[in-house]
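**Q**
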Amino acid sequence: MMILAGAASAIAQPARRPAPAWDSRGWVPLGERTVNGRVDHDRIEVGRYEGKFTKLNLVVEDSDLELIDFRIVFGDNTEYHPKITQLFREGARTRAIDLPPSESVIRFVDIKYKNLPGGGNARVQLFGWRTADAAPGP
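Under this note's numbering, the first residue of the sequence shown is numbered 914, with each subsequent residue one higher.
1) Going along the chain, which residues of its own chain have a beta-carbon closer than 6 Å to the beta-carbon of Arg1023, five neighbours each way excluded?
2) The beta strand (DSSP E) spanning Thr967 covers which residue range?
3) So within the region 973-1013, which uninterrupted beta strand (DSSP E) runs reach at least 3 residues, ignoring any that extend past its ends?
4) Take Pro942 and list the residues in its own chain whose beta-carbon comes closer than 7 Å to its own, dropping the five residues that flank it on each side.
5) What residue does the beta strand (DSSP E) around Ala943 start on, and which one ends it?
6) Excluding the 5 residues preceding and the 5 following Asp989 in the sequence, name in chain order all residues of the same chain whose CB lies nearer than 7 Å to its CB.
7) By how many angstroms is the C-alpha of Gly944 removed from the C-alpha of Ile1019?
8) Based on DSSP bridge pairs, tell me the residues matched to Leu1039.
9) Can you look up Ala1045 in the DSSP assignment and give me helix, strand or coil?
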């Protein structure tokens, strides 16, 4: 009787589906960093060569991490500070981060984050969605 009860509970557990693969077509890689240690701060330089972007996306690989702070500085020194604090599981990504309308390019993105205990060093990749009318600069 116990064998049947154990088999029934095993059947009742839903199968864990793998996360759907992210379709990165159209997204421009802007840089990547590895989170070193418990708390880390990194800067990804972008610059005018890459062009103008309407959206950004972060993808986390190799381990879990906690995003603490995210700041974007544009070429005209204005800043955008989206309120994004969240835990990322390996392979996760942010929703598309819509950027404010701007005639300026992104100078750099500052990211503050930390590895979660028990994992390795997470790798963070930053992608941008280029505006339709903006090509990379000279």
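Where is the CB? At the ideal position from N, CA and C, for every residue including glycine.
**A** The answer reads as follows:
1) A small correction: the amino acid at residue 1023 is Asp; Arg does not occupy that position in the sequence shown. Excluding positions up to five away in sequence, the list reads Arg956 and Arg984.
2) Phe966 to Glu974
3) 978-987 and 999-1001
4) Gln1038 and Phe1040
5) With the sequence shown as reference, residue 943 is identified as Leu, and Ala is not the correct amino acid for it. Trp940 to Thr947 is the extent of the beta strand (DSSP E) around Leu943.
6) Ser1017
7) 13 Å
8) Gly944 and Leu971
9) coil
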